[in-house]
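Note that the numbering used here has the sequence shown beginning at 21, numbered continuously upward.
Here is the structure we will look at, set down as structure tokens.
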Amino acid sequence: MAVGVFDSGLGGLTVLDAVSRRLPDVPFVYFGDNAHAPYGVRTHDDIFNLTCAATERLWEEGCDLVILACNTASAAALKRMQETWLPKNKRVLGVFVPLIEALTERQWGDNSPPREVAVKHVALFATPATVASRAFQRELAFRAIGVDVEAQPCGGVVDAIEQGDEILAEALVRSHVEALKRRMPRPEAAILGCTHYPLMQRAFQDALGADVKVYSQANLVAESLADYLVRRPEFIGAGTQSKFLTTGDPAYVSSKATQFLRRQITFEAA
């Protein structure tokens, strides 16, 4: 009954933590492609091929359902995977839709035409590849009209987080927020469009100001996954063990992951 959680590195651990708390009886297999991180500066073909390889590895662990806890993969690879690559007996889900449903106050499966919503000015902070894909704007347009989205590519933030350099990461966050506010001085809401960024949520909130609502993905994805498994229990796979897999150096990745979640995490070689 295992479910797979994939990320290019360690950011997806924020999602894993939330889904594990929400679904304590489900074994989760986490796959971090640390050897090839960050994905945010790669081509879409690269991201597609790496994400497919990781997904197949999670299938080997008995995970028929895989969550792409990586906004870059969700933006650059998910649609192509679902349309051209995915077998009928498997499912791969991304992390954008639960976020957009929360922003637009729509329930899952609400397929009514797009309508005006309360929020009109939204700041999106994401990796360069996610921003370039315009996947967030595309998904938002299915559900809402009249929303101005200003996207800021946050180069360097993922690298700093992965390296454990919190001072550099906070400085980069402030710089990226200042750059966005020059173009959109008064955003009403901000989307942290990368699963690494919740680790810097306080820095984003401080730089944006207390009057900006900051949306982070982990808990929204957890609720959405719980709902999905109630409706589609056939996609809970045959795996029975929780584990952590990485394409990087297991000892180094385990050390960084333990710092991230402030509990012991032990990765195995993928």
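All residues carry an ideal CB built from backbone N, CA and C; glycine is no exception.
Nothing here was measured: the structure is a model prediction, and the numbers come from that model.
Three-state secondary structure (DSSP) of residue i
i, result
"Asp-168", "strand"
"Tyr-50", "strand"
"Leu-85", "strand"
"His-216", "coil"
"Lys-263", "strand"
"Pro-148", "helix"
"Pro-44", "coil"
"Pro-253", "helix"
"Met-21", "coil"
"Ala-38", "helix"
"Leu-106", "coil"
"Glu-186", "helix"
"Met-101", "helix"
"Asn-131", "coil"
"Tyr-248", "helix"
"Arg-282", "coil"
"Val-241", "helix"
"Pro-118", "helix"
Opposing strand residues paired with residue i [DSSP bridges]
i, result
"Lys-233", "Ala-209"
"Phe-224", "Note: Phe-224 sits in no beta bridge, so no partner."
"His-141", "Asp-168"
"Glu-136", "Ile-165"
"Gly-268", "In DSSP, Gly-268 forms no bridge with anything."
"Phe-26", "Phe-51 and Leu-88"
"Arg-111", "Leu-85"
"Glu-288", "Leu-265"
"Pro-173", "Ala-146"
Within 7 Å, strictly: CB atoms of residue i and residue j
i, j, result
"Gly-82", "Ala-289", "no"
"Glu-190", "Ala-223", "yes"
"Asp-84", "Lys-110", "yes"
"Ala-74", "Phe-26", "yes"
"Val-86", "Gly-24", "yes"
"Ala-210", "Ala-38", "no"
"Ser-274", "Phe-287", "yes"
"Ser-236", "Gln-221", "yes"
"Asp-53", "Thr-278", "no"
"Val-49", "Leu-70", "no"
"Cys-90", "Ser-40", "no"
"Phe-51", "Leu-281", "no"
"Arg-42", "Ala-238", "no"
Residues of its chain near residue i, where Cβ-Cβ distance is below 6 Å and the 5 sequence neighbours each way are ignored
i, result
"Met-101", "Val-112"
"Ser-94", "Leu-88, Gly-114, Val-115 and Phe-116"
"Gln-261", "Pro-47"
"Cys-174", "Phe-145 and His-196"
"Phe-68", "Ala-97 and Arg-100"
"Arg-283", "none"
Any non-hydrogen atom of the ligand NAP within 6 Å of residue i CB
i, result
"Pro-207", "Among the components of this structure there are no ligands whatsoever, and the ligand NAP is therefore not found."
8 Å CB neighbourhood of residue i in its chain, flanking five on each side removed
i, result
"Glu-170", "His-141, Val-142, Ala-143, Leu-144, Leu-200, Arg-203, Met-204 and Pro-207"
"Gly-176", "Leu-188 and Leu-192"
"Ala-122", "Tyr-235 and Leu-240"
"Val-250", "none"
"Glu-136", "Ala-164, Ile-165 and Gly-166"
Review point. Any chance the segment 139-156 sits against the segment 59-76, with 3 or more Cβ pairs inside 8 Å?
Key: yes
Check your understanding: Counting pairs of Cβ atoms below 8 Å between the segment 204-219 and the segment 29-39, do you hit three or more?
Key -> yes
Check your understanding: Is the segment 223-236 touching the segment 248-267, taking contact as three or more C-beta pairs under 8 Å?
Key -> no
Point to revise | Any 3 or more C-beta pairs closer than 8 Å across the segment 156-166 and the segment 193-204 | key: no
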